Structures are given as C-alpha cells and as structure tokens.
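Let me begin by presenting the structure, written as structure tokens, before commenting on it.
There are 2 protein chains.
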Amino acid sequence: MQNFVFENPTRVLFGKGNIARTGREIKCFGKKALLVYGSGSIKKNGVYDQVISSLNESQVPFTELPGVKSNPVLSLVYEGIEKAKGEGADVILAVGGGSVIDTAKAIAAGVMADHDVWEFFNGKKRIQAALPLVTVLTISASASEMNPAAVITNDNTSQKFSTRSMFIQPKVSILDPSTLFTISRQYTAYSAADAITHMLEGYFNNTEPHSPLQDRLVEALMRTVMESTEASLAKPDDYEARANFMWAATLAFNGMTTAGMGAVTYPAHMLGHSLSALYDTPHGASLSITLPAWMAYFSACNPRKFARLAREIFGITDPDDSAAAATGIERLRAWFEKIGTPTSLNSCSIPGSDLPAISANAHGLAQVWGLKDYSPGVIEGIFELCR
Amino acid sequence: MQNFVFENPTRVLFGKGNIARTGREIKCFGKKALLVYGSGSIKKNGVYDQVISSLNESQVPFTELPGVKSNPVLSLVYEGIEKAKGEGADVILAVGGGSVIDTAKAIAAGVMADHDVWEFFNGKKRIQAALPLVTVLTISASASEMNPAAVITNDNTSQKFSTRSMFIQPKVSILDPSTLFTISRQYTAYSAADAITHMLEGYFNNTEPHSPLQDRLVEALMRTVMESTEASLAKPDDYEARANFMWAATLAFNGMTTAGMGAVTYPAHMLGHSLSALYDTPHGASLSITLPAWMAYFSACNPRKFARLAREIFGITDPDDSAAAATGIERLRAWFEKIGTPTSLNSCSIPGSDLPAISANAHGLAQVWGLKDYSPGVIEGIFELCR
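Protein chains in written order, with this note's numbering: chain A, 1 to 387; chain B, 1 to 387.
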C-alpha cells in the first residue's frame, strides 16, 4: 500500500424524504442561492417542486441557472459566474447529476477568481477559494456529489478537461434514491458504465505493492453496481436497487477505493472525453466504448490482475491468466451491450475514418494529464479496438 | 437500505514517515498541546522520539499526560482535564491506540464542560464543544482515530460506558503501519477480535430491508483483517500486512459499514464491557469471548444471515442454513483460538460462579444503551455459552 492522504468532509444525507431538508442546509452556508439544474427533467419528476418548496419554507432567496446539458460546457459556466455575481448569490445549489454538479463546482470557483475559470481546467491555475456548494443528486454515477473533481467541456476549443480541489467539494449532498426512478433505461446503463470505469481504473492501478483490501472493496462495489443496475432496469422504481446503486456509485469514486494506490491514471476517461468533446457522446457511453478496448490493449502487461477480475466478477474458471483475462473483458463488453450502453464507435455512427482526429484530441488531454505512456500511436491502437 | 447521515471529516495521513508531520498538523489547531500516551511502549519503539522531534521542529510547546492503560479510566481523564486547564493546553495530541485516543477525547470534551465529564458517558449530558484532537495511531483496532466514539471505565463504579459526538472526532489522524511492528502477538490478536466484532455487530443488524452492499463491504474487510492478522503473526514487521490491517480496521468502524443499517446495537460490546470493568479483561479479549456466544444465542433468529457469513468467510458449503450457521460460529471461535485470543471465561480464570454479578453489570449497561431485548435472563443465557 502506498502512502496516502484521505479526506472527505462532505456530509451525506441519504434516503427518501431528505430533499425537504435542502433549505435548512443551504441556510447554514449562505444568504442567497444560485440554483443550477439541467434541461427540465427535475420539473417533470417533481424534484424541482420539492427543492423550491424547501427553499421557500426556509425563506432562502435564490436565482436560477437552468440549461446544463450532458457534457456540460464552459459557456454556461461563464453565464453562471456572471449571474451569481450579478445577483449576489453566496452559495451554490446543484440539483442534478454529475454535469450539473460539475457546472456548479466550476461556477463556485469561478466567482472567486480574478481570471478566466478555464485556467483551473487547463492546468494554469490552482483553485484557492470557492463559494460553498450543496447538491441534490438526481443522476447517480459521477460521485461528484462526494469528491473534489469537476469536468467541463470548452465549447470553443472542443477540449473536455478536469480540475480537482477540496474548495469545490460539496459541503452537503442530499441523496434520495427515489429521484432515480424516472431515469431513462439508457442513462441507467450509462451510469453503471461510469461507476464501473471509475473503479476499474483504480483497480488496474493496484499492482505492486499489491493491496488486497482495495481490490476487495472494488469487487464488492462492482458486484453491487451490476446487480442493482439489472434490478433497476427490470423495475425502475425498485427503491432498494436504486439505493444500493446510488451509495455504491458514490463510494466508487469518493477516494476510498483508490486510497493507497499511488497516482491513479484515468486512461479510459482520457480516451472517452475525446468522443464526448467531438461527438457529444454521453459520458457513460463514451466509457463503455473505451474501457473494454483499453483493457484489451493492456491486459498482456498484467494478465494476472485482469484474470482476477474475470474470476471474481464473472466467475470464469479458466486457469490460464491470459485466457481468463480475455474472456473477462469479453464478458464485461457483453454485459455493457446487454444493459444497453454501446461498446463500439460503429454503434454510435462514429466513422473509422475519424480515428486520427479522435486520437489527436485524446492525445492533447493525455499531455495535459501527464500520461506519457499514451503516444498518438498507442491511443490510435486502443481506438482501433473500439471500431 | 434505511435513511442515514454519513459525515466523517477526519483527515487521515497514512503511511510510513508521516509521524514527522505531527508538529505541523498540531500547529494548525492550537498553540500548546497536551500529549496523551500510555505506559511507555512508544518510548521503546521510537514513536515517542519521532513525535517529540516533530513537535520541537515545529516549535510547538507541550505538556505530557502519560499512563493511559488498556480499559482507560475516568480518574486519569480527570487528571488530564486539570493538567490541560492548568497548563493552558488548547489542542490534544493522542499517541497510542483506542485507550489513549478515548482518554484524549474525554479530556477534550471535559476541558470545555462546566460539569463532571462522566455525565457525557452516563447519558445525562451531550457534548457541546471540545478542544481539537490530533492522533498518532500505534495500536489499530478501535477505529477511534476516525470516529466520534469514546469508551471510558469509571474506576469508582466499575462501569465501562461510552459517548459519541462529532466534537470529539479527531481532526487529523496519522496512521503509520510500521508503528504496529512491535505490538505483541496477544494484542495483535485482540485487535483482530475488536475489528471483527465492530463489523459483525453491524452485519447482523442488516436484515430488512437487506442491503447487499454493506454485507459485501463487511466481508471484504473481514477477509482482509483475517488474512493480514495471520500474516502479521507470521512476520510482525510485514509492512503490507500491517498496512492492510490498519486501514481495514479503520474502515471497519468509521461509519461506512453501518451506514444504512438503521440503529445498530453493540451487544457483544455491551457484554464484553462488563468483563473489562470487573476483571480488567483486555477489550479485544472480552469480545472474542462474547461475540461467538452472542452469535450462537441469536443465530436461530436469522439463520440465513449467520449462514451467509459462514459461507462467504469460511467457505462452508452445507446447504442447511442452521447447520451452516452453527459451523460458521465454531469456525470463528476456532480462528480466535488459533490466533491467540480467548473464547471462554474459563480460559481467563473467571469463575462461573461470578455469572450473576457479571450479568448484573452488563444489564446496567444494557439499560443505559436502551437494549430492551437484553433482560438479565437473556444476558445470563449468553454468558452461559461463554463458560
């Protein structure tokens, strides 16, 4: 186990009925809220009304920034920063999934900065302060509700970049599994792909010195994510399934599974971000395409570890590590297909002739993230396996 | 899954070399430290010198309260409160295991109270403030380094009682697995019994609605605790084994495994505390005696869950739940015996004729904890199974 610092101060209020506490929680952190949300699903499923009613009950004034889309964009972050400043909002309330929360995080940091907020994402500046952030989670996958990371796409440059800071980690996150009942089958599947990718990128980082504890935690979470996704697809209002998924997805990327793993790299994310940036491929869908391809490309470097996953998760009994690893990767790909998230560029109508442009975009991010092993040739080699 | 609030703001600095950061961390929280420690093992293994050297390097003045014993006592807490007040200490530094940290927690709360600190333990008062607490962990088991609980024995009344408050949760905890190299075989085994009991008391609370996630997390941690205990006994300076144990024991009782389980009760602790209070039985040893007996007494109420543990942890294949449960309990008892922690009153020379007095003591605590199912008859029935 490598040395690590673990710190996760977000207070999680988990379970049905908790959205009624939103107003009281907001009131602990500010006088006026900027309410950030998406394209309207929270108005259809009643979450918006619950939030507004709680804010009103606690007499919290607020102003609204709707319109966050999947693969959230920098231009809306700019708009939010101006709105927060103009309206004197001193606390941000994000009601949505990872895209909404990440937009809110970027706004929270941007309001306090005297420079372009994008400099926090392209690595030129470090976040030094942010407005406090409270979240009400309605799509579970990113774990952004309990971590210090944010991912934003620069809609001018087609770069999907990320930043991390304890300053933007939510103070309080409200997780009510019943908000997940109305998520589409597609996004239920994309969410599973996202959560699984978060875990496996750490898992395959866990090599020497090898820590059995973190492997077991990931396997425990992954079994739960798979089982609860299948149950949620079978019965979208299965509260227990949604609850198990929701808490597992949070724990999957709140720092716990990677503590002790050293500097974890996120190659499937690096590759997937280029698909989102260039084709607006949904985040989870981009990962179910790139993760199995990345695994196939690199499994020969550590067949034993890839075989462990195959045996623990898919019950594969082949005693040969390489064979077990290959079968495990195929089983993961088949499971993604089964739940309804794509595993090839072709199935998303992304032409093979675009591979050089996709690879160049991904290589740009690999350089920003310092992933030196990922030359343009390696990246294109992996994308060849996604066709 | 039941509704829950999860909040755990302790910052953990994990890994070798981190004790050198003690002074800098202390300096963030106060001007003068009260250094609380035990009966001298930290002077033998070099931890004391590392701490003092770090405090000196950061120019942090301090005063010392040595002498904490296993099953820490109220009289030393009183002494610590007087010392902190008299010397103007405004931050507490605990260097030791659960006994030292719990003493430090009680002092931290007691300094800020205008009444007898014992009232926080007998349920008459709630903690409203405390001095900040930093810990350097040297015996891993209690998870007190990352939770809000403290257990103290009143040496006047022979009551071993507990309290909980976010105010006494450590701000920072430094976990260096190499501090565990010099722990005796006995205490290595007692530590395992303590960590396992923390997990299983929650595990058997997880009934309806049943949450597979928490079961799997407990099983992942329990496998790690057992495996790393055996490796540590075989090679006391096995860093990886000690590291896996150390982090698993912390996660075993930092609130994660019980989040969603509702109001978890701690019956094995309730019963074990009476042995510690009356015979000074080490905490972990008291639990390896009471846990299997408690399991045997109650397994008929939920044979399926007890069978699950037997199958998952001990690989028992008997398809009959009751039979599998019984075998699993025997295997746990045998494992405790194998690693060297007792499983009977007899092996600790506690005479069977004392059972009425032991049961009466335990019943007193059951009443304080509101465990209404534990009548004197039930308690004596369980203790009968520990003879």
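Every residue gets a Cβ at the ideal spot worked out from N, C-alpha and C, and that includes glycine. Values in this document were obtained by computation on a predicted structure and should not be read as measured data.
For a Cβ distance threshold of 9 Å, residue set N3 of chain B lies close to K16 (chain A), ordered along the chain.
Within the stretch 317-381 of chain A, the runs of alpha helix (DSSP H) at least 4 residues long that lie entirely inside it are, in chain order, 321-339 and 355-368. Under DSSP, the beta-bridge partners assigned to K160 (chain A) are A:T153. Between S54 (chain B) and F121 (chain B), the gap from beta carbon to beta carbon reaches 8 Å or more.
Interface annotation, A249 (chain A): not in contact with chain B, CB-CB separation never under 8 Å. Between D321 (chain B) and T327 (chain B), the C-beta spacing is not below 8 Å.
Within the stretch 259-277 of chain A, those residues whose Cβ lies closer than 9 Å to any Cβ of chain B are, in chain order, A259 and G260. In this structure, DSSP gives N244 (chain B) a helical state, which the three-state scheme calls helix. S211 (chain B) belongs to the set of residues whose beta carbon lies under 8 Å from a beta carbon in chain A. Of all alpha-carbon atoms in A:N56, A:K32, A:Q128 and A:E227, the one lying nearest the alpha-carbon of K338 (chain A) is that of A:E227. In this structure S353 (chain A) is exposed. Its beta-carbon is surrounded by fewer than 16 other beta-carbon atoms within 10 angstroms. With respect to the 8 Å criterion, N71 (chain B) and D215 (chain B) are not classified as neighbours on the basis of their beta carbons. When the five nearest sequence neighbours on each side are left out, the beta carbons in the same chain lying within less than 8 Å of the beta carbon of R126 (chain B) are those of F120 and S165, in order along the chain. Between the C-alpha atoms of A362 (chain B) and E240 (chain B) there is a straight-line separation of about 38 Å. Under the three-state reduction of DSSP, P212 (chain B) is assigned to helix. Against chain A, a Cβ distance below 7 Å from R223 (chain B) picks out R216. Annotation: R24 (chain A) has no Cβ neighbours in chain B at a cutoff of 7 Å; minimum Cβ distance is about 13 Å. Boundaries cannot be given for P61 (chain A), as no alpha helix (DSSP H) includes it and DSSP labels it neither H nor E.
No Cβ-Cβ contact shorter than 8 Å links S288 (chain A) with L275 (chain A). Collapsing the DSSP output to three states places S173 (chain B) in a strand. By alpha-carbon distance to F4 (chain A), the top candidate from A:G340, A:N45, A:A263 and A:L271 is A:A263. In this chain, T197 (chain B) is not harboured by any beta strand (DSSP E); it is covered by the alpha helix (DSSP H) spanning R185 to Y203. Contact residues of the stretch 309-333 of chain A toward chain B are absent (C-beta to C-beta distance below 8 Å). P376 (chain A) has its alpha-carbon roughly 56 Å from the corresponding atom of A150 (chain B). Under the DSSP assignment, V134 (chain B) falls in the beta strand (DSSP E) whose first and last residues are L133 to L137. In this structure, the beta-carbon distance from A106 (chain B) to V117 (chain B) falls below 8 Å. By the beta-carbon neighbour count (other beta carbons within 10 angstroms, threshold 16), R308 (chain A) is buried.
Annotated as proximal: P292 (chain A) and L332 (chain A), with beta-carbon spacing under 8 Å. P292 (chain A): not part of any beta strand (DSSP E); member of the alpha helix (DSSP H) spanning H283 to F298, first to last residue. Flagged as an interface residue toward chain A: E7 (chain B), by a C-beta distance shorter than 8 Å. For I92 (chain A), the uninterrupted beta strand (DSSP E) segment begins and ends at V91 to G96. Distance from the Cα of Q169 (chain A) is smallest, within the candidate group A:P132, A:E219, A:L345 and A:I329, for A:P132. Per DSSP, reduced to three states, the secondary structure at A249 (chain A) is helical. Listed in chain order, the positions of the stretch 118-133 of chain B with a beta carbon within less than 9 Å of a beta carbon of chain A would be empty, since no residue qualifies. In the pairwise beta carbon analysis, the stretch 78-87 of chain B is classified as not touching the stretch 138-158 of chain B: fewer than three pairs are separated by under 8 Å.
Contact annotation: in the stretch 229-247 of chain A, residues whose CB is within less than 7 Å of a CB in chain B are E240, A243, N244 and W247.
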